[in-house]
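Visitor: Those protein sequences? They're chains A and B, same order as listed. In terms of the working numbering, the first sequence has 15 at position 15, counting the first letter as 1, and numbering is strictly consecutive. In terms of the working numbering, the second sequence has 37 at position 37, counting the first letter as 1, and numbering is strictly consecutive. Even for Gly, the Cβ is constructed at its ideal location relative to N, Cα and C.
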Amino acid sequence: MKIQSAASERHVLNVTVDNEPGILAKITGLFTARGYNIDSLTVADITDDHAVSRITVVTNGPPEVIDQIEAQLERLVPVHGVTDLTTAGPHVERELALIKVCGKGDARVEALRVADIFRASVVDTTTESFVFELTGAPDKIDSFIALMRGLGLVEVGRSGVVGMIRGATGA
Amino acid sequence: MECLVDQDVEFVFGYPGGAVLPIYDELFGEERIRHILVRHEAGAAHAAEGYARATGKPGVVLVTSGPGATNAVTGIADAFMDSIPMVVITGQVPTGLIGTDAFQEADTVGITRHCSKHNYLVKDPADLKATLEEAFRIATTGRPGPVVVDIPKDVQIAVPSENRASKLTAAHRYAPQMAASPEQIIEAVDMLAGAERPIFYTGGGVINSGPQATELLRQLQDITGAPVTSTLMGLGCFSNTHPDWLGMLGMHGTFEANMAMNRADVMICIGARFDDRVTGRLDAFSPDSKKIHIDIDRSSINKNVPVDLGIVGDCATVLGQMIEAWGERKAQDLGEWKARIAGWRARECLSYPEKSKKDPDAIMPQKAVERLYALTHDRSPIITTEVGQHQMWAAQYFGFDKPNKWLTSGGLGTMGYGMPAAIGAQLGHPDALVIDIAGEASIQMNIQELGTASQYRLPIKIFILNNEYMGMVRQWQELTYESRYSNSYSDSLPDFVALAEAYGWKGIRIQDEKDLDAGILRMMEHDGPVIVDCCVAKDANCLPMIPSGAAHTEMLLYGDEVGGTMDDEAKALV
Chain A
1 MKIQSAASER
11 HVLNVTVDNE
21 PGILAKITGL
31 FTARGYNIDS
41 LTVADITDDH
51 AVSRITVVTN
61 GPPEVIDQIE
71 AQLERLVPVH
81 GVTDLTTAGP
91 HVERELALIK
101 VCGKGDARVE
111 ALRVADIFRA
121 SVVDTTTESF
131 VFELTGAPDK
141 IDSFIALMRG
151 LGLVEVGRSG
161 VVGMIRGATG
171 A
Chain B
1 MECLVDQDVE
11 FVFGYPGGAV
21 LPIYDELFGE
31 ERIRHILVRH
41 EAGAAHAAEG
51 YARATGKPGV
61 VLVTSGPGAT
71 NAVTGIADAF
81 MDSIPMVVIT
91 GQVPTGLIGT
101 DAFQEADTVG
111 ITRHCSKHNY
121 LVKDPADLKA
131 TLEEAFRIAT
141 TGRPGPVVVD
151 IPKDVQIAVP
161 SENRASKLTA
171 AHRYAPQMAA
181 SPEQIIEAVD
191 MLAGAERPIF
201 YTGGGVINSG
211 PQATELLRQL
221 QDITGAPVTS
231 TLMGLGCFSN
241 THPDWLGMLG
251 MHGTFEANMA
261 MNRADVMICI
271 GARFDDRVTG
281 RLDAFSPDSK
291 KIHIDIDRSS
301 INKNVPVDLG
311 IVGDCATVLG
321 QMIEAWGERK
331 AQDLGEWKAR
341 IAGWRARECL
351 SYPEKSKKDP
361 DAIMPQKAVE
371 RLYALTHDRS
381 PIITTEVGQH
391 QMWAAQYFGF
401 DKPNKWLTSG
411 GLGTMGYGMP
421 AAIGAQLGHP
431 DALVIDIAGE
441 ASIQMNIQEL
451 GTASQYRLPI
461 KIFILNNEYM
471 GMVRQWQELT
481 YESRYSNSYS
491 DSLPDFVALA
501 EAYGWKGIRI
511 QDEKDLDAGI
521 LRMMEHDGPV
531 IVDCCVAKDA
541 NCLPMIPSGA
551 AHTEMLLYGD
561 EVGGTMDDEA
571 KALV
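1. Can you tell me whether Y24/B is helix, strand or coil according to DSSP?
2. State the DSSP-derived secondary structure class of W505/B, mapped to helix, strand or coil.
3. Using 8 Å as the limit for Cβ to Cβ distance, is E74/A near chain B?
4. Which chain A residues sit within Cβ distance under 8 Å of V87/B?
5. Report the residue from R457/B, K303/B, D314/B, D283/B whose alpha carbon sits nearest the alpha carbon of M178/B.
6. For a contact meaning CB atoms closer than 7 Å, what does H118/B contact in chain A?
7. Using the Cβ count rule (16 or more neighbours within 10 Å means buried), how would you classify M267/B?
8. What's the C-alpha gap between G418/B and A72/B?
9. Residue ranges of each alpha helix (DSSP H) run of no fewer than 4 residues wholly in the stretch 82 to 154 of chain B, ordered along the chain?
10. Give me the Cα-Cα distance between E336/B and R197/B, rounded to the nearest whole angstrom.
11. Could you check which residue in D512/B, S483/B, V5/B has the C-alpha nearest to that of I364/B?
12. Could you work out which residue in H552/B, A135/B, A106/B, L128/B is closest to K117/B when comparing CA atoms only?
13. Mind listing, in chain order, the continuous alpha helix (DSSP H) runs of no fewer than 4 residues lying wholly within the stretch 106 to 171 of chain A?
14. Interface residues of chain B around A33/A at Cβ under 7 Å?
15. Expressed to the nearest angstrom, what Euclidean distance is found between the alpha-carbon atoms of F183/A and I69/A?
16. Can you name the residues of chain A whose CB is closer than 9 Å to the CB of L121/B?
17. Where do the N-terminal and C-terminal ends of the alpha helix (DSSP H) with A395/B fall, by residue?
18. Among residues of its own chain, excluding the 5 on either side of W344/B, which ones have a beta-carbon nearer than 6 Å to its beta-carbon?
19. Considering just the uninterrupted stretch of the alpha helix (DSSP H) at F31/A, what are its terminal residues?
20. Would you call M470/B buried or exposed, if buried means 16 or more other Cβ atoms sit within 10 Å of its Cβ?
21. Buried or exposed for A146/A, please, with buried defined as at least 16 other CB atoms from any protein chain shown within 10 angstroms of its CB.
22. In chain D, what lies closer than 7 Å to D297/B by C-beta?
23. Can you confirm whether D67/A, when its beta carbon is compared against all beta carbons of chain B, has any partner nearer than 8 Å?
24. In or out: L76/A buried (at least 16 other Cβ within 10 Å) or exposed?
25. Start and end of the alpha helix (DSSP H) containing S454/B?
26. At a Cβ threshold of 8 Å, is G29/A touching chain B?
27. At a Cβ threshold of 8 Å, is Y174/B touching chain A?
28. I want to check one thing, is the minimum distance from the CB of V109/B to the heavy atoms of the ligand ATP below 7 Å?
29. Is M545/B helix, strand or coil by DSSP?
30. Pick out whichever of N119/B, R137/B, H46/B has its Cα sitting closest to the Cα of I151/B.
31. In chain order, which alpha helix (DSSP H) runs of at least 4 residues are fully inside the stretch 44 to 117 of chain A?
32. Nearest to L249/B by alpha carbon, out of A316/B, Y174/B, C349/B, V387/B?
33. What does DSSP give as the partner residue(s) for D436/B in the beta ladder?
34. Which residues share a DSSP beta bridge with P58/B?
35. Beta carbon of F132/A, beta carbon of A107/A: below 8 Å?
36. Please list the terminal residues of the continuous alpha helix (DSSP H) segment that includes Y373/B.
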């Protein structure tokens, strides 16, 4: 017998939670236990008293599964609220990446030139390497990394997506 | 301890051990709270569930760290699935030893994270009181469930400093939505009023919402005239003697309930969750109905079945709103719909063969439950069950007209639930007749609790339908695996009568149908605990039944040819 899978779409969810021990395990565990996907996840506390954290989850699934994910998250006691940026309207998504590139001669010059076009900044350098810092939407970072692959890419670190609704109102 | 007294806790179900000794020392000589010493921590959790289900109050469990906590996990998961309010206090190794693989250390909050409604590890004594208060509030409000509070041994002993207030400010957290918006109520009432073939599909949520919800359900049914079916967990929320009662629905539900669900034009689901045992094959589930779903848990709505109107709210509150909004409306004439239902009823889906083919002298298990009901229902007994064929026969042939009288493990399907649950129920209702309808396999899963009932002089009755098989497994093997009875027989059974006597109980064996009534009466007359070993037909199957992967309209009834094999898709749906 075959196990069928349904068409899925990408959603960015902002989850505000009480910053208490185990909350991250609760949320990631909910995703694994119910078979939902996590494409990326970021978390940091966002209030002066460190009492509230904001978690941004990029997930994918059919619309009814995304709705279930929101409902299941809201059911957890420490969760204050869930905002689906993808359905909430215009929003900004940003991700930070550190990219280490190693090379000499033309490749090194080309890497620096491409970095300039992407407005990546150099945060570390040796005579044969650079570490670039790049901020942008995930696809911008994807294309930068793709270009660097031919120019001596050594390693990549990505923060995962954080997002926010455009305009004057908060989530 | 003061926290527990503040929460009006009467009973604590528990078992001592190293990491809870400080709490047990406080319990010593404590007269306001009665500790019930079980024989195994699983028994403590199920007893607390039984107490909670029978009284509506939260059950409290106290166990030690490590194995104490892990033994209680099945009961916690069971309470989570069936939405039973419960607070489980577990001991933990001292804070300094956490994470060092200390003696009797287990990551209790990690283990219970996804089978509890919420859990805590209390690291600061100053937080203990607020944590326990919040634990009780979370366990009992919204959709009820188990809450675990893990307390390290040093935190149990420490005295919180007066000047350090708890960081927990409980009030802002967790405020479940109770009432529905007026627009939704009007939409629901309009749909209901316009229905030609309405049906109420009710579940355990109606019972969890409290006795008022069952009252209001009966009122709303009265003014609308719509027929009512119920899930396994909802039995008792509507009266089994009412002419519009269709019986239970789902896999072993009645033909009329399932057919009415399938043919309805408006379905009002109240406090039920479209479980796979209820819906059968999803793409054939009630295809032509507009569906209204009332549930306090938003995540239950649209989870398995998309609905036309999802109403988040407490069953009693929303039912009250609907009755008010209905006002002076006149109910539709449902004569034609009722006539069709009468036609399905005429199939008499619960009539079973008088005699077993292979075992013609044996008592039919259905008959045993029918007689048990006939002889006991005047006393409005509380019935608990284990899990399996006997559970379904009890659901089918025992009638319930009041809530909190039917305690069974529905969602998790935990064998071994019934006897400890009966202990909890009996403590909550000392004068009630409490009967665990059991199977000979299930009862052995928590058989050690016989000692608990003896110790506290609890006159519970265990009525074993003994067919020397794990009957439900055997039945599935007949249907799906060409009767290859792989490990589904009960070998080396104890002599249940002798076992009862060994624990100071009364033991009764019934082998002949002519002794059935007398045996049941003797069981009721005895003022202590009794095991009845009722030997029943070994080959009886539990019907009607929706086979795996089939729709509500494809029920197997008594007299249908049963047996054979199934394709892999159907097998995977078990």
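Guide: This is what the structure holds:
1. Note: Y24/B maps to helix in three-state DSSP.
2. Of the three classes helix, strand and coil, the one that applies to W505/B here is coil, per DSSP.
3. For E74/A, the nearest CB of chain B lies under 8 Å from its own CB, placing it at the interface with that chain.
4. The contacting residues do not exist; V87/B stays about 14 Å from chain A at best.
5. Cα-wise, what sits closest to M178/B is D314/B.
6. For H118/B, the C-beta contacts it makes with chain A under 7 Å involve V77, in order along the chain.
7. Buried is the call here.
8. So the two alpha carbons sit approximately 15 Å from each other.
9. Taken in chain order, the whole alpha helix (DSSP H) runs of length 4 or more contained in the stretch 82 to 154 of chain B are 108 to 112, 128 to 140.
10. Going by the C-alpha atoms only, they are around 9 Å apart.
11. Before going further, note that residue 364/B is Met rather than Ile in the sequence given. Considering only D512/B, S483/B, V5/B, the residue with the shortest C-alpha distance to M364/B is D512/B.
12. Looking from the CA of K117/B, the closest CA among H552/B, A135/B, A106/B, L128/B belongs to A135/B.
13. Here the runs fully enclosed are 106 to 117, 138 to 149.
14. Simply H114.
15. Absent from the model: residue 183/A. The displayed extent of chain A is 1 to 171, so no value can be given.
16. When 9 Å is used as the limit between beta carbons, L121/B is near these residues of chain A: P21, G22, in chain order.
17. That run of the alpha helix (DSSP H) goes 389 to 397.
18. The beta carbon of W344/B sits closer than 6 Å to those of F255, E256, M259, all from its chain and outside the five residues before and after it, given in chain order.
19. Start and end: 23 to 33.
20. Looking at its Cβ environment, which holds 16 or more other Cβ atoms inside 10 Å, M470/B is buried.
21. Here A146/A is exposed: its Cβ has fewer than 16 other Cβ atoms, across all protein chains shown, within 10 Å.
22. Protein chains A and B are contained in the structure displayed, whereas chain D is not.
23. For D67/A, a Cβ of chain B is located within less than 8 Å of the residue's own Cβ.
24. With 16 or more other Cβ atoms within 10 Å, it is buried.
25. Its alpha helix (DSSP H) spans residues 450 to 455.
26. Yes, contact with chain B.
27. Under the Cβ criterion of 8 Å, Y174/B is counted among the residues facing chain A.
28. The ligand ATP is not part of this structure, which contains no ligands at all.
29. Strand.
30. Taking only the C-alpha atoms, the option nearest I151/B is N119/B.
31. The DSSP assignment places complete alpha helix (DSSP H) segments of no fewer than 4 residues inside the stretch 44 to 117 of chain A at 63 to 75, 85 to 88, 106 to 117, in order along the chain.
32. By alpha-carbon distance to L249/B, the top candidate from A316/B, Y174/B, C349/B, V387/B is C349/B.
33. BP columns for D436/B point to T384/B, I462/B.
34. Looking at the DSSP output, P58/B shares a beta bridge with no other residue.
35. Going by C-beta atoms, F132/A is not nearer than 8 Å to A107/A.
36. Unbroken alpha helix (DSSP H) run through Y373/B: 365 to 376.
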